[in-house]
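>
Protein chains in written order, with the working numbering: chain Y, 1 to 377; chain G, 1001 to 1383.
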């Protein structure tokens, strides 16, 4: 199960292996890239290679440290164990005092945004002060093996005061520890942290590669389903593998229907029923829903702008998108994109999601080319 | 590394009986180490291993581990994990006599005492972190000496989490002396004692985390008066062994401050006071000192030492201790708490206060301490 099992982004793998081989491992790494592209997987593999008993720039996957760290591949059971240990009714102080730490090997910790409770998790889990403080205490202890590795998943969820404690560690880095921060983009982290990390951006894989991966690892699925999953995942194998293709297609159809209703400029009661259904859907986190809107709007932008050979992100909705693109124009699509931007920013301030969606939809309906005099092109 | 903690037996069975007092004794030793504040469930468990005629108990919080053992009648060799807190609480309540412990399926553990029967659920022993084995002993240190050094320095360790290299004490081993230093940046405690350390060639410095110092002190306290502790070290751990009890701590990385540069050299204005009279006066005067800074002023002149404090909220205090002093008069401020910490740790008898000027650090030394060369440096306060 060595590095060769990691798919995509070979330059990053080469760089990490080089660092391990020459024993010049940076104290902090930042992995950015889309969800499901393999950031956490590669970080975990790096930890295995840093602790493997048999190899220095790769890992065998069979020695005790490798096996122990491999259990981090599926963090969910460990998170559940941890939350159970802390108890369902832990108060805020308790959550800080008993930070959620996943460890399966004494030298390797994974810190994930803390959902606080198992049965009724908080809407937006955060990396908490207690977790970073625990890491700060642990980072300055010598490793049992060659190196301590801390995986900080969801680093973008740190509040500024938490990020500042994290910064404190990066400013005086312990010689024997490596901290790997994982975030969707560099924009979500303070500059002070960015400048102290070696940054790696994970590019999406080719759709064909994702499809091949799916065929290899999830042979149970239907070939057509695999193709759609690979397309919809936009080059993130992790997303493609975990994807429920039918639900995902339906979600996109629902989102598109809101745009269609808004573009028609009529039928507000129908519009509100649709937004309510979408905003209350518990299965899809809201930021993922916004991402769906972005893909649809990007497709629409290409179509309305008259790109000669549009590369649609939602080819299965080609017909619907084309007919919608004839009903709207580029300024309308741009307005919609700006609206989603605002909504995305608003969710960070605990904006009411449904109200936000409603406001955006009504605004779009009001300025729809179909509802009144056509805005100037 | 074939440490007992990593051994994996195929047979899941384990059965033994042990006397309550022996078990309770060992369980108590592990309590300081077992982590209660963690979401890593295995760390609140003890690893219990039965081999030959001994029962070995291991506890760890990943940074500090303790391994201890006691005599037991082993019926079936094996290993398992048991929740530490619950086991201790239960064993405490059980009557004197033999306790039978048996590992059942699915990590359940049965505990039987006479006609009382209890079952607890443990965890897979494979999840218990691997604990390194003790390498060959480097030096032997008398437990009493070690406890003496720790007691004289531990209180000066920094509580600030961000100053990680100050979160421990520096132990300095030389062929003929043993010393320990601790500081928090405002004060520094240095204790040194003559001690032949056979088997040591050059100087060796190790940074010992605070929690490990607490546990070493406890281990030393529990040992016989003339007992010796084995000290060993590998690349990332330090080991202290007292009889059948082994304490393993990870080493703190980082550079301890260059403390030698802080030690005052020209503090020639000296006044000597009794430990009790000084302590009592400081304690009384500090009642009326500013509650946050705890600043107390020491004015030394030919009349003696005037200890005073004032705060806008409470009022002021002034005490004069008449002492012989021939140098130039001098007034300097110190944190009363820092002074009291030192007085509590030092031996009864005269205390020498050595000063240079208002801006330089003061040095305190107990003159009656025969076994230890003990120095305490306090940074002055502006008053």
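For every residue, glycine included, the Cβ atom is placed at its ideal position computed from N, Cα and C. This structure is a prediction, so every number in the text was calculated from the model and none was measured.
State the Cα-Cα distance for the pair residue 70/Y and residue 153/Y, rounded to the nearest angstrom.
16 Å
> On the DSSP bridge assignment, give the partners of residue 1301/G in chain order.
1304/G
> Under the three-state reduction of DSSP, which class applies to residue 1260/G: helix, strand or coil?
helix
> Is residue 262/Y buried or exposed, if buried means 16 or more other CB atoms sit within 10 Å of its CB?
buried
> In chain Y, which residues lie less than 8 Å from residue 1032/G when you measure between Cβ atoms?
None at all; the shortest Cβ gap to chain Y is about 17 Å.
> Could you please give the first and the last residue of the uninterrupted beta strand (DSSP E) stretch that includes residue 222/Y?
Taken as a continuous stretch (DSSP letters only), residue 222/Y belongs to no beta strand (DSSP E), as it is neither H nor E.
> Cα separation between residue 375/Y and residue 366/Y?
Confidence at residue 375/Y is low in this model, with a pLDDT of 45, below 50, so the placement of that residue is unreliable and no value is reported for it.
> Measure the CB-CB distance between residue 101/Y and residue 131/Y and report whether it falls below 8 Å.
yes
> List the DSSP bridge partners of residue 1244/G.
DSSP output for residue 1244/G lists no bridge partner at all.
> Any residues in the region 1249-1266 of chain G with a beta carbon nearer than 7 Å to a beta carbon of chain Y? Which ones, in chain order?
1250, 1251, 1252, 1253, 1254
> So, with DSSP's three-state summary, where would you put residue 1284/G?
Helix at residue 1284/G.
> Going by DSSP, what residues sit across from residue 1017/G in a beta bridge?
1073/G, 1100/G
> Residues in the same chain with beta-carbon distance under 8 Å from residue 295/Y, minus the five sequence neighbours each way, listed in chain order, please.
234, 252, 313, 314
> DSSP three-state call for residue 81/Y: helix, strand or coil?
helix
> Straight-line CA distance for residue 230/Y to residue 250/Y?
16 Å
> So, helix, strand or coil for residue 1224/G, using DSSP?
Reduced to three states, the DSSP call for residue 1224/G is coil.
> In this structure, how does DSSP classify residue 374/Y when only helix, strand and coil are distinguished?
Interpretation of residue 374/Y is limited by its pLDDT of 44, a score under 50 that renders its predicted location unreliable; the figure taken from the coordinates is listed afterwards. Looking at residue 374/Y - three-state DSSP - the assignment turns out to be coil, as it is neither helix nor strand.
> Just the C-alpha distance for residue 1344/G and residue 1169/G, rounded to the nearest angstrom, thanks.
19 Å
> Can you list, in chain order, the residues of its chain with a C-beta nearer than 8 Å to that of residue 194/Y? Leave out the 5 residues immediately preceding and following it.
30, 186
> Check whether the Cβ of residue 1017/G lies closer than 8 Å to any Cβ atom in chain Y.
no
> Can you name, in chain order, every residue of its own chain whose Cβ lies under 6 Å from the Cβ of residue 1054/G, other than the five neighbours on each side?
1069
> Run the CB neighbour count on residue 32/Y, radius 10 Å, all protein chains shown included, and call it buried at 16 or more, exposed below.
buried
> Which of the three DSSP states is assigned to residue 1148/G in this structure?
helix
> Could you compute how far the alpha carbon of residue 162/Y sits from the alpha carbon of residue 123/Y?
19 Å
> Hey, quick one: how far does the alpha helix (DSSP H) through residue 326/Y stretch, first residue to last?
318-327
> Between which residues of its own chain and residue 1218/G is the CB-CB distance below 8 Å, once the five residues before and five after are set aside?
1029, 1032
> What do you get for residue 1108/G, buried or exposed, if any count of 16 or more other CB atoms within 10 angstroms of its CB means buried?
exposed
> Per DSSP, what are the beta-bridge partners of residue 1231/G in this structure?
In the DSSP assignment, residue 1231/G forms a beta bridge with 1139/G, 1240/G.
> Do you know offhand how far residue 1415/G's Cα is from residue 1365/G's?
Outside the displayed range of chain G (1001 to 1383) lies residue 1415/G, so it cannot be described from this structure.
> Quick check: the region 141-158 of chain Y against the region 39-51 of chain Y, are there 3 or more CB pairs under 8 Å?
At 8 Å Cβ cutoff, the stretches touch.
> For residue 1333/G, list the residues DSSP reports as bridge partners.
1297/G, 1381/G
> Residue 48/Y: which of 90/Y, 359/Y, 3/Y sits nearest, CA to CA?
3/Y
> Assign residue 74/Y to buried or exposed, taking buried as 16 or more other Cβ atoms, counted over all protein chains shown, within 10 Å of its Cβ.
exposed
> Counting only Cβ pairs nearer than 7 Å, list the residues of chain G close to residue 176/Y.
1253
> Using DSSP with H/G/I as helix, E/B as strand and the rest coil, what is residue 1177/G?
strand
> Checking the sheet assignment: what are the DSSP bridge partners for residue 1274/G?
1350/G
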